[in-house]
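Enquirer:
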Amino acid sequence: MSSSLIALSILALALMQQSAYAAEAEAHHDILKHEEYPGKCVIHSPNGELKVFNSDETVRYPGKCSEVYCGRNSWALIYTCPKEYPPTDCVFGDYVDIDAPYPDCCPRHVDCNSIDSNY
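Counted the way mature numbering (1 follows the signal peptide of the UniProt record, and there is no 0) counts, the sequence shown spans residues -22 to -1, 1 to 97.
In structure tokens form, the structure reads like this:
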């Protein structure tokens, strides 16, 4: 097993123990590397600006209901809302409050036969 994979596995376990919500959230990893910012994590905001943050820092993903933890060497864990399905014959609409802190931003409007509710 490569040292990068071992480090990522340890990082994932540590973060899941840190937050009770992490057990319910979806999480995936990515390498958020940018040549101008070695060792840092870099994401593009919806308006095209770069958001640069340091190793061991957690930030809200701009324009999304998710959170990003920057590990070593630009490795990142990205937490998103738990995968849920709307009730039968319903569809998810927009987020109730996309600007709320993560994970409070996760609830979404649900449209069931033209009746709007929150889920």
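Glycine included, every Cβ here is placed at the ideal spot set by N, Cα and C. Note that this is a predicted model, so its numbers are computed, not measured.
(1) Assign Leu28 to one of two classes, buried (16 or more other C-beta atoms within 10 Å of its C-beta) or exposed (fewer than that).
(2) Go through the stretch 16 to 95 residue by residue and report every complete run of the beta strand (DSSP E) that reaches 3 residues or more, in order.
(3) Using CA coordinates, which residue listed in Pro24, Cys43, Pro16, Val74 is at the minimum distance from Glu4?
(4) Which residue wins for smallest C-alpha separation from Leu10, given the options Pro24, Arg50, Gly26, Asn25?
(5) Leaving out five residues before and five after Phe31 in sequence, what residues of the same chain have Cβ atoms less than 6 Å from its Cβ?
(6) Given a threshold of 16 other Cβ atoms within 10 Å of its Cβ, counted over all protein chains shown, does Val46 qualify as buried or as exposed?
Expert: So, from the listed chains and residues:
(1) Answer is exposed; the Cβ neighbour count stays below 16.
(2) Entirely contained in the stretch 16 to 95, the beta strand (DSSP E) runs reaching 3 residues are, in chain order, 19 to 22, 28 to 31, 35 to 38, 44 to 48, 53 to 58, 68 to 73, 86 to 90.
(3) Among Pro24, Cys43, Pro16, Val74, the Cα nearest to that of Glu4 belongs to Cys43.
(4) Of the listed residues, the one whose Cα sits closest to Leu10 is Arg50.
(5) Result list for Phe31: Cys19, Val37, Cys48, in chain order.
(6) Here Val46 is buried. Its C-beta has 16 or more other C-beta atoms within 10 Å.
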